[in-house]
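A.B. asks:
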Amino acid sequence: MTNSLLQLAKGSSSEKKHELAEHVTGLLAARADDKGSDETHLLNNVLEGVYDSLAPETRQKLSERLASVQAMSAKLAAVIAGDELPVARAVLERSQSLEEEDLRKLAETKDQGYLLAMAKREHISKDVSRTLIRRGSKEVRQTVATNLGADISMAEFEALVKDMPKQLGDRIRHLRKSNEELLEDLFKADGEIASGAELARRPSKISPKAWLMGIRLGKTNLNKAIYQLAQEHNLLDAVALLSFFSALDMKYVHNLMVRFDSTGIATVCRATGIGAMEFQAICKERCKHLKFPESTGSKWLTNYHMLDETDARRLLALMKMKLKAVKQARAA
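Counting from 1, one number per residue, gives the positions in the sequence shown under the UniProt record's numbering.
1. If you draw a straight line from the alpha carbon of residue 109 to that of residue 100, how long is it in whole angstroms?
2. Classify residue 225 as helix, strand or coil using the three-state DSSP reduction.
3. Can you give me the C-alpha to C-alpha distance between residue 303 and residue 255, rounded to a whole angstrom?
4. With DSSP as the reference, please indicate the residues paired to residue 135 in a beta bridge.
5. Buried or exposed: where does residue 2 fall if 16 or more other Cβ atoms within 10 Å of its Cβ makes it buried?
6. At 4 residues or longer, and completely inside the segment 269–303: list those alpha helix (DSSP H) runs for me, N to C.
7. Around the C-beta of residue 169, are 16 or more other C-beta atoms found within 10 angstroms, so that it is buried, or is it exposed?
8. Since residue 78 sits in a beta bridge, which residues does DSSP pair it with?
9. Just checking my contact of residue 247 with residue 322 at CB under 8 angstroms: how many whole Å lie between their CB atoms?
10. So what does DSSP say about residue 2, is it helix, strand or coil?
11. Excluding the five sequence neighbours on either side, which residues of its own chain have a C-beta within less than 7 angstroms of the C-beta of residue 285, listed in chain order?
12. So, for residue 296: in the same chain, excluding its five sequence neighbours on each side, which residues have a beta-carbon less than 7 angstroms away from its beta-carbon?
13. Is DSSP giving residue 63 helix, strand or coil here?
14. Could you check what DSSP says for residue 124 in three-state terms: helix, strand or coil?
15. Residue 259 by DSSP, collapsed to three states: which one?
16. Roughly how many angstroms lie between the CA atoms of residue 227 and residue 97, to the nearest whole one?
17. Would you mind sorting residue 216 into buried or exposed? The rule is 16 or more other CB atoms within 10 Å of its CB.
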C-alpha cells in the first residue's frame with residue numbers, strides 16, 4: 001500500500017490529487033479507532049500533504065467522512081477546523097481528534113459560525129465553554145447552555161438561562177443539577193453513596209460474552225439482551241453489557257445501577273440506545289433489588305423520557321472526561 005500511495009502522490013494534476021484524497025480518506029475511515037500504527041500515520045501524512053491543493057468540495061467531503069474517525073491525526077483535524085466554515089463544520093462539531101489547545105485557539109479567534117459549531121460538540125471543556133459564552137452571540141450562548149456535555153458551573157448556567165424559554169430552562173436545569181450531583185457521587189467512597197446492596201451473580205441462559213458475540217454478528221441486539229437479562233433477574237450481566245457499550249468502567253455502571261435514583265443508569269441506557277420497554281424492565285428489577293415499590297419505577301421511566309439520546313451521549317461523555325481527569329490527577 002505504501003508504494004502505491006507514494007507513487008500516486010507524485011501526480012501533480014488536480015485530478016490525481018483528488019483521486020489520491022478519495023482513496024486515502026476511504027482507507028483512513030476504514031481504520032476507525034486505529035491511531036498508532038505506521039499505516040495510519042502514513043495515511044494522515046498523505047492527506048496533510050495534499051490537503052491545500054484540494055478543491056473546496058473535496059475538502060468538505062473529506063471533513064464529513066473523517067469527522068467521527070478517531071484515527072484522524074490532531075494535525076489534520078486542526079487544519080480542517082481552520083478551513084472555511086462549510087468545510088470545517090463537521091470536524092468542529094464532532095471530531096475527537098481536535099486537541100484542547102486547538103479548540104481554545106479556535107474559540108478565541110474564529111467568528112460566530114465556528115463558535116456555534118463548537119457549541120454543539122459532545123463535550124466542551126470548562127475553558128472552551130467560558131470562551132464561547134464570553135465571545136459568542138445569543139444563539140451560541142444558548143446552545144452552550146442547552147448542551148449537557150458543556151462543562152459549565154450552575155452559576156454560569158443560571159446567568160444564561162434568563163434568556164431561555166422557561167419550560168426549556170427548567171428542563172435543562174433539572175438535568176444539569178441531577179448530573180452535577182451524579183458526578184460528585186462518582187468520586188465518593190462506596191459507603192458515602194445512597195445505594196443498595198451489591199448485585200449478585202445469577203445463572204443465565206446466555207453469558208455476556210455470548211450476547212456480545214451475537215450482537216457483533218448481527219444475530220441479536222443490545223435491547224434484546226438487556227430485556228432478557230432483566231427478565232432473568234440478572235442485572236449484573238446487564239451491567240457488564242452496558243459497561244462495554246458505554247465504554248464506562250463496570251464499577252461505575254454497577255454503582256449507577258444500585259443507586260437510589262435513576263439519573264445515572266438512565267443516562268447510560270439512553271446513550272447506548274436502550275428503548276423504553278427495556279428500560280422499564282430494568283426499572284422493575286431495580287425496584288425489586290432496592291426494595292422499592294413498583295410506582296418508583298414509573299417515576300424513573302418518566303425521568304428517562306425527559307432525557308433524549310443526544311443529551312444522554314453528552315452527559316456520558318462529560319462523565320467519562322471527569323473520571324479520566326481525576327484518574328490522571330491521582331496518577332500524577
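Cβ atoms here follow ideal geometry from the backbone N, Cα and C, with glycine treated the same way.
C.D. replies: Judging by the given coordinates:
1. 14 angstroms
2. Here residue 225 carries a helix assignment [DSSP, helix/strand/coil].
3. 18 angstroms
4. Residue 135 pairs with nothing; no bridge assigned.
5. Low local confidence applies: a pLDDT of 48 at residue 2 is under 50, so the model's placement there is unreliable, and no value is given.
6. 276–290
7. Classification of residue 169: buried, given that the 10 Å Cβ count is 16 or more.
8. Residue 78 pairs with nothing; no bridge assigned.
9. Actually they are not in contact, since the Cβ atoms of residue 247 and residue 322 sit about 14 angstroms apart, beyond 8 angstroms.
10. A caution first: residue 2 carries a pLDDT of 48, below 50, which makes its placement in the model unreliable, though a value can still be read off. Helix, per DSSP.
11. 230, 233 and 235
12. 287
13. helix
14. strand
15. strand
16. Between residue 227 and residue 97, the C-alpha separation is close to 35 angstroms.
17. exposed
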